[in-house]
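If you read the sequence shown in this note's numbering, its first letter stands for residue 6, the second for the next number, and so on.
Here a beta-carbon is modelled for each residue, glycine too, at the ideal position from N, C-alpha and C.
Every value quoted in this text rests on a predicted model; they were computed, and no experiment measured them.
As structure tokens, the structure follows; a few thoughts come after it.
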Amino acid sequence: MIKAIKGTKDILPKDIPAWNFIENIVAEKMRQFNYKEIRTPVFEETALFSRGIGEATDIVGKEMYTFTDRSNNSVTLRPEMTASVVRALIEHFLDKQQNLNKLYYISPMFRQERPQAGRLRQFHQFGAEALGSNDPSLDAEMIILAYDIIKEFGIKNLTVKINSLGVPSSREEYKTILRDYLKDKFENLSEESKNRYETNILRLFDSKDEHDQEIMKNAPLLLEHLDDESLEHFEKVKQILLSAKVPFEIDPKLVRGLDYYTNTTFEIVSSSVGSQSALCGGGRYNLLVNQLGGKEVPAVGFAAGIERILLACETEESLNLPEEKLDCYIVRLDKELSAKAYEYGLLLRRAGLEVELDYSLRSIKAQMREANRLNAKYTLLVGGEEFENNKVVLKNMETSEQQNIDFENIESIIKIIK
Ligand code: AMP
């Protein structure tokens, strides 16, 4: 028996209403904030991600689905969307056509992580990227947009964490200060942190190791070493969030895994999903477009994980999905009338109604059961004595009221059902 690959999931018809609900809200909110949808290929040249996300990150170092194709090119299933959006922006000169590009996506991503609740190998993200402005109101807009969308799903136990990583020059200065602080503690660090000391020192704040955490507790913070401009930028973001009534916490240790962030970083965390608690993460990345071969285009974005959001919705029982209904089920009373029943079905379907009928010559009782199972609002009974008298019977399943209608009078059947 071949099964789905570990860490991947089938989204079955019973799951689809929740997915559609989420996708519709995302599209609606993105419209309100004037973000336009973009779709990019699922796989890209590996160099896009290794250069864009950074060699020293977990994603590039450990998690990418990278393979050599039959033409000997190294390709990678995208682990996130930002690098792909930036590539598309540069490749299609989107930044030359308009100053500010506001884009959004809902797409599958791939990372070879150890699967657990809320952590998959193929998962789905929705997210947005605004490319072309350094205005702090856009940093705030990203946080507000993500927060408002997640709120729409009815999730209550949310925390918005924000931080600023400043500009690269102040960050480099700070890294020296952090290295100095850690110099005489280096030997006590975990192996992983020892490696990161050289390659990605900010990530030491993310360490799960208790000794590391103890050491990092008293470490100097980047937020205390920001340059004036970055501080002012951060101040403005906070002001807008306050006036937008988005509750937030400042988390000076929120460095996030990716290399490309500058200034604002943020995460939205839920206490309803266990250890994988981040529903959403994002931030400003003013250097990435240039790093990938484009001009200097300041940008900011976020990505949210749909599976984790669904977990939170499940725990909080927050989704109120409308009951699935069918407009009409056609019940064939005589087996010889199958073709006629199908003809009615098609006419009603072409009139825009949701219609089902029996395809396996089942008994009347079985057909009625099926109509109930499908939550049919009406049944159309075709056959019997009525049919001999040129009538069909339309039954309202809620009130049990029945009407005999002239069997050619399709218009009137449609009118009643609609
Ligand atoms: P990241 O790009 O790592 O900041 O991820 C953004 C969001 O995507 C996270 O907050 C999660 O909700 C979701 N996410 C990331 N990795 C996974 C994964 N392996 N499985 C499920 N969701 C994920």
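> Can you name the residues that DSSP bridges to TYR334?
Replying inline: GLU361 and THR384
> Can you tell me whether PHE98 is buried or exposed, with buried defined as 16 or more other CB within 10 angstroms of its CB?
Replying inline: exposed
> Counting along the chain, where does the beta strand (DSSP E) carrying PHE115 start and finish?
Replying inline: 106-115
>> Which residue wins for smallest C-alpha separation from LYS446, given the options VAL294, ALA308 and GLY389?
In response: Nothing about residue 446 can be read from this structure; the chain reaches only from 6 to 423.
>> Using the three-state DSSP reduction, which class does ARG83 fall into: helix, strand or coil?
In response: coil
> ILE16 by DSSP, collapsed to three states: which one?
Replying inline: coil
>> Can you check whether the C-beta of GLY357 is within less than 8 Å of a C-beta belonging to chain E?
In response: The chain labelled as chain E is not found in the depicted structure, where only one protein chain is given.
> Considering only C-alpha positions, which residue in the set ARG83, ARG92, GLU146 and ALA133 is nearest to ARG116?
Replying inline: ARG83
>> Please state whether the Cβ-Cβ distance between SER277 and GLU321 is less than 8 Å.
In response: In contact: SER277 and GLU321 (Cβ atoms closer than 8 Å).
> Start and end of the beta strand (DSSP E) containing TYR70?
Replying inline: 70-73
> Start and end of the beta strand (DSSP E) containing GLY288?
Replying inline: 283-289
> In chain order, what residues of the same chain lie with their CB nearer than 8 Å to the CB of PHE48, ignoring the 5 residues before and after it?
Replying inline: Contacts found: VAL80, THR81, LEU82 and ARG83.
> At what residues does the beta strand (DSSP E) containing ASN268 begin and finish?
Replying inline: Its beta strand (DSSP E) spans residues 267-275.
> Whole-angstrom Cβ separation of ALA93 and THR45, contact assumed at under 8 Å?
Replying inline: 5 Å
>> Please classify SER368 as buried or exposed, where buried requires at least 16 neighbouring CB atoms within 10 angstroms.
In response: exposed
>> Does the distance between the C-beta of ARG124 and the nearest non-hydrogen atom of the ligand AMP fall short of 7 Å?
In response: yes
> Is the Cβ-Cβ distance between ASN168 and SER275 less than 8 Å?
Replying inline: In this structure, SER275 does not lie closer than 8 Å to ASN168 by Cβ.
> Closest by CA to ALA135, which one among ALA304, ILE421, SER343 and GLN372?
Replying inline: ALA304
> Which of helix, strand or coil does DSSP assign to LYS190?
Replying inline: In the structure shown, LYS190 falls within a coil segment according to DSSP collapsed to helix, strand and coil.
>> Suppose contacts are defined by Cβ-Cβ distances below 8 Å. Is ALA88 in contact with PHE38 by that definition?
In response: no
>> Quick check: is any heavy atom of the ligand AMP less than 7 Å from the C-beta of LEU379?
In response: no
> Within the present structure, is the beta-carbon of GLU118 separated from the nearest heavy atom of the ligand AMP by less than 7 Å?
Replying inline: Yes, Cβ of GLU118 sits closer than 7 Å to a heavy atom of the ligand AMP.
> Would DSSP call GLY306 helix, strand or coil?
Replying inline: strand
>> Please report the straight-line C-alpha distance between ARG56 and LEU297, rounded to a whole angstrom.
In response: 7 Å
> Taking just the CA atoms, how far does LYS423 sit from GLU494?
Replying inline: Residue 494 lies beyond the stretch modelled for the chain, which goes from 6 to 423, so this question has no answer here.
>> In this structure, how does DSSP classify ASP153 when only helix, strand and coil are distinguished?
In response: helix
>> Given the structure, does PHE128 come close to the ligand AMP, in the sense that its CB is under 7 Å from one of the ligand's heavy atoms?
In response: yes
> So, helix, strand or coil for ARG124, using DSSP?
Replying inline: strand
>> In this structure, how does DSSP classify SER169 when only helix, strand and coil are distinguished?
In response: strand
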